[in-house]
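A.B. asks:
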Ligand SMILES: Cc1cc2nc3c(=O)[nH]c(=O)nc-3n(C[C@H](O)[C@H](O)[C@H](O)COP(=O)(O)OP(=O)(O)OC[C@H]3O[C@@H](n4cnc5c(N)ncnc54)[C@H](O)[C@@H]3O)c2cc1C
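In the working numbering, the protein residues as written are 5 to 540.
(1) Relative to the C-alpha of residue 449, which residue among 392, 492 and 424 is closest?
(2) Roughly how many whole angstroms lie between the Cα atoms of residue 214 and residue 367?
(3) With DSSP collapsed to three states, give me the class of residue 365.
(4) Pick helix, strand or coil for residue 1, following the three-state DSSP scheme.
(5) If you follow the alpha helix (DSSP H) that residue 126 is in, where does it begin and where does it stop?
(6) State the Cα-Cα distance for the pair residue 65 and residue 142, rounded to the nearest angstrom.
(7) Indicate the three-state DSSP secondary structure (helix, strand or coil) for residue 189 in the structure shown.
(8) Should residue 53 be listed as close to ligand 1, given that the test is whether its C-beta is under 7 Å from any heavy atom?
(9) Do you know how far the Cα of residue 170 is from the Cα of residue 37?
(10) So the alpha helix (DSSP H) residue 148 belongs to, where does it begin and stop?
(11) Would DSSP call residue 257 helix, strand or coil?
(12) At what residues does the alpha helix (DSSP H) containing residue 206 begin and finish?
(13) Can you give me the start and stop residues for the beta strand (DSSP E) that residue 312 sits inside?
(14) Counting along the chain, where does the alpha helix (DSSP H) carrying residue 274 start and finish?
(15) DSSP three-state label for residue 413, please.
(16) Measuring only from the beta carbon, is residue 49 closer than 7 Å to any heavy atom that is part of ligand 1?
(17) Can you give me the Cβ contacts of residue 473 inside the same chain, cut-off strictly under 6 Å, excluding the 5 residues immediately before and after it?
(18) Residue 346 by DSSP, collapsed to three states: which one?
(19) Less than 8 Å between the beta carbons of residue 44 and residue 315, yes or no?
(20) Compute every distance between the C-beta of residue 209 and the non-hydrogen atoms of ligand 1, then say whether any falls below 7 Å.
(21) Can you check which of these residues, 447, 497 and 517, is closest to residue 40 by C-alpha distance?
(22) Could you give the distance in angstroms between the alpha-carbon of residue 323 and the alpha-carbon of residue 226?
(23) Starting from residue 240 and walking both ways along the beta strand (DSSP E), at which residues does that stretch end?
(24) Using CA coordinates, which residue listed in 12, 108 and 512 is at the minimum distance from residue 233?
(25) Taking the alpha carbon of residue 343 as the reference point, which residue from 202, 211, 286 and 21 has its own alpha carbon closest?
(26) So, helix, strand or coil for residue 405, using DSSP?
(27) From residue 496 to residue 489, what distance separates their C-alpha atoms?
(28) Taking the C-alpha atoms as reference points, what is the distance between residue 255 and residue 74?
(29) Suppose contacts are defined by Cβ-Cβ distances below 8 Å. Is residue 3 in contact with residue 22 by that definition?
(30) Quick one: what does DSSP say residue 232 is sitting in, helix, strand or coil?
(31) Could you tell me which residues DSSP pairs with residue 334 in its beta bridges?
(32) On the CB-based measure, 16 or more other CB atoms within 10 Å of its CB, does residue 419 come out buried or exposed?
(33) Anyone know if the C-beta pair for residue 150 and residue 85 falls short of 8 Å?
(34) Could you have a look at residue 173 and say whether DSSP puts it in helix, strand or coil?
(35) Going by DSSP in three states, residue 323 sits in which element: helix, strand or coil?
This is how it looks when you write it as structure tokens:
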């Protein structure tokens, strides 16, 4: 295979680079070892930073967030819940930090407003009643799956090829130049080579190993962050604790649920990086922090825990990674290592992915002598490129949920036949028609990709009911044999259980027991789901 550019990594950064390069007229092949969003992109907090969180400690990152926040609201509104954010002070907090934060926000251009505790409680009645003061900032919640899918769709529309479940084993080096990659198709074990004038490594934490295959040393620090999903949304705003960013001080709403986190723990073992596991200590720290921000969370059911790995390029001896810059790392390896044809783009944030993609694509175009401007700051993503609703017919509740996931693309979810509107997933209001849309239009092939496209399985029941129905649909629609669907159901419920077991106590334990009886008793997963049995 041949193209102008190979992008290694189907996270939001790689997909952003693919879209940007494709829009500038380059031929692009993206190689991703799993599904899109397999790495940090599918395992983060979903905060569209206003920049305030970094304004005091990292003004450069804060400034990047300010401008990208405004751009993404313009070009990707269907991925964003414009809920704003509060930085709240509780008794005992350093009150002076609030003044420093206010001043730092002013300097980098963040529109922050100071309010007293009473006003904070009138805006968010479920906050800790002892709140003394707060800053209101333009934080928002962003859906990383919808954002990534929209980038993938637009890259594909402009000619990019996405090779999923293909692992790049090494970079191909000829003299002082990278001329492509050697990869394996993980579905059938076939080895392939892809050749290109430029290779962009957007492989997150895995980037360092891949670069090592070409003799390039780029030390990265793997910092795990854990988050808990609470089954309700007590606050409309993003809630931050007003202090130097620390553990368990951030609550981000995500439609009907809320995500509380995070932590910063250095990890080294490869298996941990492949499948990050939240620890009981992290869960304890986060539940304590949640109850301080919003007391009712102390008795709210935690649906699951999940963890992601921050790929921080190590520049000093910091042990936890908390104090390293989360800034963008864009490397021209010709300049750095004397190896032409190779660019690395990593670090940064979900919120700054577009800027990262622009920087990497500028480098690529410069190398290839292409004189095409970046258009991604103006050009809306699919889903945000036309009105999502008709003025004449307001959407019903189920349609509103679909619009919140796909924006205007939800118009392409055709209701054909009496069963189209039947709910497959009650928690997330996913209809049979939306599942068909995800398979036919978005390219979903299994339960995991259906989850990314529709959020099926991510609600209160954690897939207990909807995963079984969806597995059945995959058979009915000709995507899987019954045996393959059962195997898929086993993998899916095993993965869901992985996130639940560390929070399985109290009401969550009761729900886990119900899930066990449904899956083992009703669905007959005894043999298929020995993984679940073992863990219990
Ligand atoms: C705990 C946590 C919380 C966060 N919270 C936020 C937040 O609230 N807001 C925010 O803006 N940012 C947040 N971030 C940061 C954000 O998630 C990341 O900056 C972003 O997702 C990085 O995307 P990426 O595409 O660069 O990397 P990844 O998403 O990790 O993608 C890398 C991809 O490369 C693939 N890959 C690797 N090696 C190979 C290979 N050899 N062959 C083929 N494919 C390969 C991987 O499978 C993976 O899919 C958070 C991160 C973490 C860890």
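Virtual Cβ for every residue (Gly too), placed ideally from N, Cα, C.
Every value quoted in this text rests on a predicted model; they were computed, and no experiment measured them.
C.D. replies: Result, derived from the coordinates:
(1) 492
(2) 20 Å
(3) helix
(4) An answer regarding residue 1 cannot be provided, because it is not within the stretch 5 to 540 covered by the chain.
(5) 121–127
(6) 16 Å
(7) Residue state, collapsed to three classes: strand.
(8) Yes, ligand 1 has a heavy atom inside 7 Å of this Cβ.
(9) 4 Å
(10) 148–161
(11) The answer is strand: DSSP assigns residue 257 an E or B state.
(12) It is not in any alpha helix (DSSP H) - residue 206 carries neither H nor E in the DSSP assignment.
(13) 306–317
(14) 274–278
(15) Note: residue 413 maps to helix in three-state DSSP.
(16) yes
(17) 428
(18) strand
(19) yes
(20) yes
(21) 447
(22) Here residue 323 scores only 47 on pLDDT, less than 50, and its place in the model should not be relied on; the value that follows carries that caveat. One C-alpha to the other measures close to 10 Å.
(23) It is not in any beta strand (DSSP E) - residue 240 carries neither H nor E in the DSSP assignment.
(24) 512
(25) 202
(26) helix
(27) When rounded, the distance between both Cα atoms is 10 Å.
(28) 21 Å
(29) Residue 3 cannot be examined here, being either before or after the span of the chain that is shown, 5 to 540.
(30) strand
(31) 349
(32) It is exposed - the Cβ of residue 419 has fewer than 16 other Cβ atoms within 10 Å.
(33) no
(34) strand
(35) Any reading at residue 323 must be qualified, since the residue scores a pLDDT of 47, below 50, and its modelled position is unreliable; the value itself is stated next. Note: residue 323 maps to coil in three-state DSSP.
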